[in-house]
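K.L.:
Before we start, here is the structure in question, set down as structure tokens.
Residue numbers (my numbering): 77 to 232.
Written out as structure tokens, the structure is:
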């Protein structure tokens, strides 16, 4: 029990006011490309700031996400559920902006290129897109196909 809130008889003084400090959360811009990563970042900010209240998290997300994105969840914003506001909003945003497994595989097979990136960066993206749908051997084979010919022969 906090000494400041107890009187001489040992009971809690209910007339004293409780000071609540406002905590700043530095939310990064919402990342449509991988909302799970964005939520991991903002949840790290919540943890660092000691924020555990569902409603507080909900309002921080609403204030951090661009209006263009929020228009896709207006029903949750205009009529939030009584409980689990944050989890409801989080689940909907992840559902809207996460590509299906099929779309991820299609990107992996037809859109991913090395460009001016490091081979390890390409591999990381390919692992993210492939998820658990691809074996390590198949992923390695696809990755090698995306490398310059000179590098392909060196790595075999």
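Glycine included, each C-beta is placed from N, C-alpha and C at the ideal position.
Hey, quick one: how far does the alpha helix (DSSP H) through residue 211 stretch, first residue to last?
P.N.:
From DSSP, residue 211 is part of no alpha helix (DSSP H); its letter is neither H nor E.
K.L.:
I'd like to check one pair, residue 157 with residue 164: are the Cβ atoms closer than 8 Å?
P.N.:
A contact, by the Cβ cut-off of 8 Å.
K.L.:
DSSP three-state call for residue 114: helix, strand or coil?
P.N.:
Three-state DSSP puts residue 114 in a helix.
K.L.:
With a cut-off of 8 Å, do at least 3 Cβ pairs link the region 134-145 to the region 175-184?
P.N.:
no
K.L.:
Counting beta carbon pairs with one atom in the region 122-133 and one in the region 104-113, are three or more of them shorter than 8 Å?
P.N.:
no
K.L.:
Given a threshold of 16 other Cβ atoms within 10 Å of its Cβ, counted over all protein chains shown, does residue 169 qualify as buried or as exposed?
P.N.:
Classification of residue 169: buried, given that the 10 Å Cβ count is 16 or more.
K.L.:
Residue 194: buried (16+ other C-beta within 10 angstroms of its C-beta) or exposed?
P.N.:
exposed
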